[in-house]
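Counting with the numbering used here, you get residues 13 to 729 for the letters of the sequence shown.
Just so it is clear, CB atoms sit at the ideal spot from N, CA and C, and this is done for glycine as well.
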Amino acid sequence: MNKEQSNQDVEAVNIRERVSFASLVTASMLFKKYIRWKTGQANSVVEEIPMTETNPSMSNGHVHSTNQANGNSRSGNLDKPLTAIPSGVAIDIDNQAHNVSMDSNYSYFDKFRSFFGKCADVCSIQFICTNCIGAVDPTSDFYYYWTVAITIGCLYNLLFLVVFIYDDVSETITTYWRITNVVVDFMFLGDALVQSCRTYMENGLVVNDLTLIIPRYLMSEKPLIDMLAIFPIDILLDFNPQLVLLRMNRFMKLYRVNEFVERTSIRTAYPHAFRISVLISICFIIFHWNSSAYYSISLLGGTESEDVNDWAYTLVKNADPIFPQCDIFIDDDEGDCGFDEKPYIEKGMRREEYVNEMMAYWSPLASPYKFSDFSKQYSLSFYWSSLTLTTCGQQPYPNAWQENSLEIVDTIIGVLVFATIVGSVGQLVSTINQNQADFQNLTDGLKFYMSYRHVRPLFQKRVIAFLGFVYNQGLLTNDKTILASLPRRLECEIAEDLHMSSLKNVAMFAHIPKNVLLELVMRLERQMYAPDDFLCRIEDPAREMYIVKAGCLSIVDINQEVVDEILPGGSFGDNSIIKVRGYLENNKRTFGLKSKGYSDVYILRRESVNEVLRDYPEERSKLGEFVRLKLTSTNLNGLKKKSMDVTELTDLHNTDEMLSALTRIINEVDEEITELQKEYGDSMIEIKQRMTKVENVYKKKRLQIKDDYKKRLQASF
Numbered sequence: 013m014n015k016e017q018s019n020q021d022v023e024a025v026n027i028r029e030r031v032s033f034a035s036l037v038t039a040s041m042l043f044k045k046y047i048r049w050k051t052g053q054a055n056s057v058v059e060e061i062p063m064t065e066t067n068p069s070m071s072n073g074h075v076h077s078t079n080q081a082n083g084n085s086r087s088g089n090l091d092k093p094l095t096a097i098p099s100g101v102a103i104d105i106d107n108q109a110h111n112v113s114m115d116s117n118y119s120y121f122d123k124f125r126s127f128f129g130k131c132a133d134v135c136s137i138q139f140i141c142t143n144c145i146g147a148v149d150p151t152s153d154f155y156y157y158w159t160v161a162i163t164i165g166c167l168y169n170l171l172f173l174v175v176f177i178y179d180d181v182s183e184t185i186t187t188y189w190r191i192t193n194v195v196v197d198f199m200f201l202g203d204a205l206v207q208s209c210r211t212y213m214e215n216g217l218v219v220n221d222l223t224l225i226i227p228r229y230l231m232s233e234k235p236l237i238d239m240l241a242i243f244p245i246d247i248l249l250d251f252n253p254q255l256v257l258l259r260m261n262r263f264m265k266l267y268r269v270n271e272f273v274e275r276t277s278i279r280t281a282y283p284h285a286f287r288i289s290v291l292i293s294i295c296f297i298i299f300h301w302n303s304s305a306y307y308s309i310s311l312l313g314g315t316e317s318e319d320v321n322d323w324a325y326t327l328v329k330n331a332d333p334i335f336p337q338c339d340i341f342i343d344d345d346e347g348d349c350g351f352d353e354k355p356y357i358e359k360g361m362r363r364e365e366y367v368n369e370m371m372a373y374w375s376p377l378a379s380p381y382k383f384s385d386f387s388k389q390y391s392l393s394f395y396w397s398s399l400t401l402t403t404c405g406q407q408p409y410p411n412a413w414q415e416n417s418l419e420i421v422d423t424i425i426g427v428l429v430f431a432t433i434v435g436s437v438g439q440l441v442s443t444i445n446q447n448q449a450d451f452q453n454l455t456d457g458l459k460f461y462m463s464y465r466h467v468r469p470l471f472q473k474r475v476i477a478f479l480g481f482v483y484n485q486g487l488l489t490n491d492k493t494i495l496a497s498l499p500r501r502l503e504c505e506i507a508e509d510l511h512m513s514s515l516k517n518v519a520m521f522a523h524i525p526k527n528v529l530l531e532l533v534m535r536l537e538r539q540m541y542a543p544d545d546f547l548c549r550i551e552d553p554a555r556e557m558y559i560v561k562a563g564c565l566s567i568v569d570i571n572q573e574v575v576d577e578i579l580p581g582g583s584f585g586d587n588s589i590i591k592v593r594g595y596l597e598n599n600k601r602t603f604g605l606k607s608k609g610y611s612d613v614y615i616l617r618r619e620s621v622n623e624v625l626r627d628y629p630e631e632r633s634k635l636g637e638f639v640r641l642k643l644t645s646t647n648l649n650g651l652k653k654k655s656m657d658v659t660e661l662t663d664l665h666n667t668d669e670m671l672s673a674l675t676r677i678i679n680e681v682d683e684e685i686t687e688l689q690k691e692y693g694d695s696m697i698e699i700k701q702r703m704t705k706v707e708n709v710y711k712k713k714r715l716q717i718k719d720d721y722k723k724r725l726q727a728s729f
């Protein structure tokens with residue numbers, strides 16, 4: 013009996029060891045699968061480990077399968093059942109001997125594991141980013157305004173962390189400060205999540221896959237910085253409210269302020285003004301912290317001194333202002349502030365000897381305006397800080413080592429930091445004035461040139477007025493220089509947005525494909541015209557089309573009378589950019605074009621159109637036919653169609669067309685030469701036959717010819 017009992021005890025121990033081992037392996041596999049899911053390997057195949065153990069000696073044994081127990085449980089965000097112990101593990105223990113139910117133990121374990129998995133799923137970064145935030149584009153408006161909010165939180169920490177050195181502040185706003193701290197800390201925590209979902213560029217493409225974004229964020233130094241920035245060290249304020257500097261770890265979030273400055277400099281329409289405001293903010297923060305340091309050192313030596321020449325802060329240095337309730341210029345007794353000093357002067361007394369009488373006289377005639385202690389403390393400290401750091405004023409000499417140390421540090425900061433700031437301000441001012449300086453140099457050069465060349469004053473006045481208008485409208489910049497740094501496609505989109513509508517309004521371009529119009533838009537040239545300037549005159553070569561962007565143009569006839577006016581969006585000379593060969597000529601202007609006021613005009617030249625249409629023969633044919641029909645309908649010279657000759661091979665044709673036309677012309681010339689050569693051969697044969705006949709006749713009648721010739725000679729003599 014004892015032997016059987018000992019055998020059962022040994023078997024029970026073995027079973028417990030097997031159960032412990034199986035639980036350990038299951039937990040290890042769960043952890044392994046959770047780690048793989050966190051690293052984006054949730055779909056990888058997990059090897060199953062055979063753990064089937066049976067105890068054939070147990071009569072009441074049964075098989076336990078964790079697959080069945082956990083068929084509906086998940087770890088992390090997985091939908092498939094977790095790989096666990098295969099069915100077939102026979103585990104059972106005598107309930108009376110051990111008082112343990114293995115099924116209930118496994119159910120408790122599974123519930124705990126399922127609960128832990130769900131909590132990890134909900135609290136994971138990937139779950140929050142996927143279901144709450146999503147991939148965040150750093151160039152979007154949401155990210156920018158979120159950066160603005162984080163910047164406000166950073167500036168809040170910078171400003172309010174040191175103001176508690178003043179007694180009034182610590183007594184009045186401590187509760188509100190603690191509440192705001194919680195709000196800002198939650199903002200910083202949210203920013204850590206936003207940063208973990210921020211997209212990035214790789215090989216010129218935006219990566220939006222969170223399974224790549226989150227690991228990249230976790231492998232960088234930003235998670236450590238973000239976690240240290242929100243580490244709740246300030247919980248110790250509950251034990252000692254004076255330890256406000258414990259929140260200095262929040263300054264690790266200041267890198268977001270730099271990002272705000274960079275993005276705002278790009279987005280704002282006034283970058284110079286924004287940069288100046290940034291420099292002013294930096295100066296203010298330095299003055300703010302330095303003033304708090306000055307007041308804290310003053311507290312070490314005490315602020316009860318009544319010596320106005322003392323280095324430390326004293327109440328007498330910043331007394332409340334006193335406003336008089338009388339007027340010294342009034343002669344009557346009522347409301348007169350004048351104090352009668354004659355009796356005291358006659359006695360030979362100095363003013364210091366009767367100053368009490370003077371104060372007693374003026375006391376009821378004046379009322380002081382009471383400021384809070386914080387206002388006086390902060391204003392004087394800020395004043396001292398600004399003068400010391402900028403070295404713009406003489407301050408009392410320090411009397412203690414703490415005061416000497418602060419003076420030395422302020423001198424170093426003033427020499428190095430503020431020299432840099434002043435240099436940056438000077439550079440900004442120079443940049444702002446650069447356009448004005450360039451305009452002034454241009455104006456001075458033109459004035460000198462016109463004066464040196466003795467240009468008439470009327471023309472000088474027109475030139476100066478035109479330059480003034482162009483400068484005031486900001487039109488001195490060169491569009492091509494500005495857009496040269498942009499990619500070709502982006503430059504095309506800008507030109508399309510500005511000029512495509514104007515070009516589509518032209519009838520001849522109404523049915524031209526968009527890609528051809530884009531090429532034409534890219535070749536528009538901008539030109540400004542002053543009042544009464546002629547863009548073209550009658551009989552001038554017609555090679556340009558004019559599109560009015562701003563202003564008004566007048567069409568004039570040969571008598572200089574206005575025939576029509578062209579308003580913004582209109583065009584003139586669209587027939588001139590397509591050359592029509594033959595008797596129908598469109599090479600001369602039949603009307604003149606004059607600017608009525610200051611006009612902003614874009615010019616499309618024939619050479620540019622030929623360069624574009626060279627690669628689009630179908631569109632070239634359409635435009636050519638449109639111009640022919642339009643000119644024919646206006647009853648101009650008749651059109652004589654003829655085959656193309658060498659003189660018609662202009663830049664309008666591409667290389668293949670020119671080679672084809674030349675080949676055709678050469679073939680025609682070759683055929684003509686062959687025909688002429690054949691005609692020449694036939695003519696030579698006929699001539700030779702006739703010459704042969706003449707020779708034969710001559711041989712036969714040679715004697716008779718000679719006799720006739722002699723007779724004629726004798727007859728003549």
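Outcome for residue i when other beta-carbon atoms lying within 10 angstroms are tallied against a minimum of 16
i    : result
P225 : Per the sequence shown, the amino acid found at residue 225 is Ile instead of Pro. Looking at its Cβ environment, which holds 16 or more other Cβ atoms inside 10 Å, I225 is buried.
L377 : exposed
L428 : exposed
N330 : buried
S607 : buried
A522 : exposed
T184 : exposed
E358 : exposed
N302 : buried
M703 : exposed
M260 : exposed
Beta-carbon gap between residue i and residue j smaller than 7 Å
i    : j    : result
V148 : S304 : no
Y307 : S393 : yes
D203 : I177 : no
G604 : V568 : yes
I298 : C209 : no
S397 : L291 : no
C564 : L530 : no
A507 : V528 : no
R601 : A554 : yes
V219 : Y229 : no
S583 : V639 : no
L249 : L255 : yes
DSSP three-state assignment for residue i, whether helix, strand or coil
i    : result
Y558 : strand
I550 : coil
F481 : helix
G435 : helix
E573 : coil
F394 : helix
I334 : strand
V320 : coil
L616 : strand
R210 : strand
Y3   : Because the chain in this structure spans residues 13 to 729, residue 3 falls outside the shown range and cannot be described.
Y229 : helix
Sequence-distant residues of the same chain with beta carbon closer than 6 Å to residue i, five excluded per side
i    : result
V269 : T163 and C166
F351 : M370 and Y373
I242 : D197, F200 and L201
N169 : R262
Spatial neighbours of residue i in its chain, beta-carbon cut-off 8 Å, leaving aside the 5 residues before and after
i    : result
I444 : H284
I288 : V437 and L440
Neighbourhood of residue i by C-beta, 7 Å cutoff - its chain only, sequence neighbours within 5 removed
i    : result
G313 : A324 and A412
A727 : none
S695 : none
> Quick one: any contact between the segment 607-621 and the segment 528-548, if contact means 3 or more CB pairs under 8 Å?
Replying inline: yes
> Is the number of C-beta pairs between the segment 306-325 and the segment 404-412 that are closer than 8 Å three or more?
Replying inline: yes
>> Three Cβ pairs or more, each shorter than 8 Å: is that satisfied between the segment 467-486 and the segment 499-515?
In response: no
> Does the segment 150-165 come close enough to the segment 188-201 to have 3 or more Cβ pairs within less than 8 Å?
Replying inline: yes
> So does the segment 578-593 actually touch the segment 616-633, counting three or more Cβ pairs closer than 8 Å?
Replying inline: yes
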